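Working notes for the structure below.
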Amino acid sequence: GECCEEIIDGEPGRGAEAFEDAEKIRRTVFAEVMARQYTGKAPRLSHVEGRFISNINSFGRCCGFKCIKDTIMDQKPPLRASLIRSLVSPVHEVKNFLTTDFLDWFAADVFPQIPNQMLEMSHEELKVEFRHVSD
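This is the structure in structure tokens:
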């Protein structure tokens, strides 16, 4: 089968630094074929799956995921739940392809931030945001 990109494993134990450092991010693997999706045999990529994974990695290497995370982290109260939903939804849609290292890096700061920001909102602000998100 056709392979869309050469994925080179970086140094083990890179951790969150690989997703923050401007030089390392260009070599970081954000998405890969998850072996658990396949039974017994080595994973095989179709052209479409390979292109999809390649696109996710390209987005990450162009700092797309870092921009999403930074936008969420930089929000000042009142929190805009509709914005958070719009930003987190694409990450959620591709979660089955994202690496554990990436998910740890993304979720470690983002998910605790959301409830903390919501706790700072007034009752009226929460009602307005609930209406926007539920539409």
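My numbering numbers the first residue of the sequence shown as 456 and each following residue consecutively.
Note that the Cβ used here is the ideal one computed from N, Cα and C, for glycine as well.
The structure presented is a predicted model; accordingly, all values stated were derived computationally and were not measured.
message: Going by beta-carbon coordinates alone, are I539 and I569 separated by less than 8 Å?
response: yes
- prompt: Can you find at least 3 beta carbon pairs, one from the region 545-555 and one from the region 506-515, that sit closer than 8 Å?
  reply: yes
field: Span separating the alpha-carbon of D525 from that of F585
entry: 23 Å
query: Roughly how many angstroms lie between the CA atoms of K531 and H587, to the nearest whole one?
result: 18 Å
task: Kindly indicate which residue of V583, V503 and E504 has the alpha-carbon position closest to the one of A536.
output: V583
message: Going by DSSP in three states, A562 sits in which element: helix, strand or coil?
response: helix
field: Endpoints, the alpha helix (DSSP H) within which A536 is located
entry: A536 to E548
field: Pairwise C-alpha distance: D476 and M573
entry: 30 Å
message: If the criterion is Cβ atoms closer than 8 Å, does the pair F561 and F507 meet it?
response: For the 8 Å CB-CB criterion, F561 and F507 do not form a contact.
field: Rounded separation between F557 and M576 - CA only
entry: 29 Å
- prompt: Do you know whose CA, among F485, D564 and E478, lies nearest M528's CA?
  reply: For the residues F485, D564 and E478, the minimum Cα distance to M528 belongs to D564.
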